[in-house]
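Numbering-wise, the sequence shown is residues 264 to 621 according to my numbering. Where a beta carbon is used, it is the ideal one built from N, C-alpha and C, also for glycine.
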Amino acid sequence: MMTLIPGAPHWLAATFAISVTIVGALLIHRTAMFVGTRTARRTSTVVDDMMLECLSAPVRWLLVMFALSAVAPALDLPEGLQIAWRRILGLVMPALLGWLAIRLLGATLRIVQAQADVTVEDNLRARRRRTRASILHRVATFVVVGITFCLMLMSIPSIRTIGVTLIASAGLAALAIGAAAQPALKNLIGGLQMAFTEPIRLDDVVIIGGEWGRIEDIRLTYVVVRIWDDRRLVVPVSKFLEESFQNWTRETSQLLGSVIWYLDPAADIDRLREKLGEVVRANARWDGRFFNLQVTDSKPDAIEVRALMTARDAAIAFDLRCDVREAMLAFMRKEMPEAFVRNRADLAVTQPAANSDG
264 MMTLIPGAPH WLAATFAISV TIVGALLIHR TAMFVGTRTA RRTSTVVDDM
314 MLECLSAPVR WLLVMFALSA VAPALDLPEG LQIAWRRILG LVMPALLGWL
364 AIRLLGATLR IVQAQADVTV EDNLRARRRR TRASILHRVA TFVVVGITFC
414 LMLMSIPSIR TIGVTLIASA GLAALAIGAA AQPALKNLIG GLQMAFTEPI
464 RLDDVVIIGG EWGRIEDIRL TYVVVRIWDD RRLVVPVSKF LEESFQNWTR
514 ETSQLLGSVI WYLDPAADID RLREKLGEVV RANARWDGRF FNLQVTDSKP
564 DAIEVRALMT ARDAAIAFDL RCDVREAMLA FMRKEMPEAF VRNRADLAVT
614 QPAANSDG
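Right, here's the structure in full:
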């Protein structure tokens, strides 16, 4: 038996050695983080800062476990304690490695999000990168958790032995589980498909189920749509892959908005067109690309007049349409009342003369 402290009891020597090992590992970690932080501050990028922040905690405890594993043979522990130590090591080391992998995935996602700025006017590429990174991050995290859990179970001999005896029935169990979890698996596979086909991206403006909103979050099995009035619509991923929906920002965030009025056939269209130009040009929400006014349909008692105007995104286009609609209605109400459809006849009621007797 190796005696680490001459003349001291074995348990005291072992406790002292373990304490020194833990403190030494923590000091090494603290020194390394200090040097890494000082070095990261001198660089212009935030990548190294995010990596250090995310990996600091799991690396600390991994260093402690590696140090304890290295000093364990020198402690000359009893057989029972050695078995217990191996069991603990078999459970803790996969958990710490899985934690490290998950934090590394999280750091990678944060770096992608930091480099993909969605606040710029043309943020299509940034939204594409964020969407793909978000979905792949969740898939990779799911895989890492599964592998970590399996490795932890494999470290327990009794469970490993039971697993060998049940391997013959694993096929039937997999079929049963697959049949029971068919909707979940369908959405899970749909989430992977969505990461590469990209029918939607984060912050896309969509109309689905008759609701207008923005894609707020994309999970493996469902998508959260933020409705215009701050409600949240939770939609299965498969719905975006199997059913039709409107995506207003699929290729670009720029949109063409429309406003429709039903007016009297005698309305002066040229005058309305001239007024529309004044209203649109004076509105700061117009992006300067295009506008026009046309008669798009004719009915026995009214004509359909449509105005088109462009804006740089869906939210601004909606506000621009409201502004134009209100301004044109105010103009017609004050300057062109004859433009409104007259669908009620003006009736002159004549009172009959009173009959007088005598």
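Closest by CA to residue i, which one among the options?
{"i": "VAL468", "options": "ILE281, VAL488 and GLN376", "result": "VAL488"}
{"i": "ALA458", "options": "GLY473, ILE490, ILE419 and ALA403", "result": "ALA403"}
{"i": "ALA277", "options": "VAL309, VAL322, PRO341 and ARG305", "result": "PRO341"}
{"i": "PHE554", "options": "ARG401, THR573 and ARG495", "result": "THR573"}
{"i": "TYR525", "options": "LYS597, LEU535, SER332 and THR294", "result": "LEU535"}
{"i": "GLY473", "options": "GLU479, VAL486 and LEU496", "result": "LEU496"}
{"i": "ASP527", "options": "GLU479, TRP491, SER501 and PHE603", "result": "PHE603"}
{"i": "VAL286", "options": "ARG605, PHE329, ALA358 and ARG304", "result": "PHE329"}
{"i": "ASP492", "options": "ILE471, TRP475 and VAL283", "result": "TRP475"}
{"i": "ASP380", "options": "GLY520, ASP466 and LEU518", "result": "ASP466"}
{"i": "ILE490", "options": "ALA593, GLU537, LEU518 and ALA578", "result": "ALA578"}
{"i": "LEU518", "options": "THR306, GLU537, ASP550 and GLN345", "result": "ASP550"}
{"i": "SER501", "options": "LEU455, GLU537, ALA347 and ILE470", "result": "LEU455"}
{"i": "GLU537", "options": "ILE523, MET591 and GLU567", "result": "MET591"}
{"i": "PRO357", "options": "GLN345, ARG494 and VAL408", "result": "VAL408"}
{"i": "GLU514", "options": "ILE452, ARG388 and CYS413", "result": "ARG388"}
{"i": "ASP311", "options": "GLU567, ILE419, ALA370 and GLY343", "result": "ALA370"}
{"i": "ALA347", "options": "ILE471, ILE419, ILE523 and ILE291", "result": "ILE419"}
{"i": "GLU567", "options": "CYS413, ASP533, LYS597 and ILE523", "result": "ILE523"}
{"i": "ALA320", "options": "HIS292, ARG605 and CYS413", "result": "HIS292"}
Assuming the contact rule is C-beta atoms closer than 8 Å, residue i and residue j should be a hit. Round their C-beta distance to whole Å, please.
{"i": "ILE481", "j": "THR394", "result": "6 Å"}
{"i": "LEU556", "j": "ALA570", "result": "5 Å"}
{"i": "MET313", "j": "ARG373", "result": "5 Å"}
{"i": "LEU338", "j": "ALA280", "result": "6 Å"}
{"i": "GLU601", "j": "ALA529", "result": "6 Å"}
{"i": "SER332", "j": "LEU352", "result": "6 Å"}
Measuring CB to CB, does residue i end up less than 8 Å from residue j?
{"i": "LEU363", "j": "LEU399", "result": "no"}
{"i": "MET599", "j": "ASP531", "result": "yes"}
{"i": "THR300", "j": "LEU315", "result": "yes"}
{"i": "SER516", "j": "ARG477", "result": "no"}
{"i": "PRO499", "j": "THR512", "result": "no"}
{"i": "PRO462", "j": "PHE405", "result": "no"}
{"i": "MET415", "j": "LEU354", "result": "yes"}
{"i": "LEU289", "j": "VAL327", "result": "yes"}
{"i": "VAL322", "j": "ALA377", "result": "no"}
{"i": "ARG390", "j": "LEU318", "result": "no"}
{"i": "LEU583", "j": "ARG548", "result": "yes"}
{"i": "VAL375", "j": "ARG392", "result": "yes"}
{"i": "THR302", "j": "VAL334", "result": "no"}
{"i": "GLY520", "j": "ALA580", "result": "yes"}
Verify the contact flag: residue i, CB atom, against every heavy atom of the ligand SAH, threshold strictly below 7 Å.
{"i": "GLY520", "result": "Ligands displayed in this structure: none; no statement on the ligand SAH is therefore possible."}
Using a Cβ-Cβ distance cut-off of 8 Å, determine whether residue i contacts chain B.
{"i": "ARG605", "result": "No chain B appears in this structure, which consists of one protein chain only."}
Inspect the CB distances between the segment 503–512 and the segment 556–566 and report whether three or more fall short of 8 Å.
no
Count the CB pairs spanning the segment 584–592 and the segment 538–552 that are closer than 8 Å, and state whether there are at least three.
yes
Length-filtered (3 minimum) beta strand (DSSP E) runs lying within the segment 290–351
none
In chain order, each alpha helix (DSSP H) run of at least 4 residues that lies wholly inside the segment 472–537:
500–505
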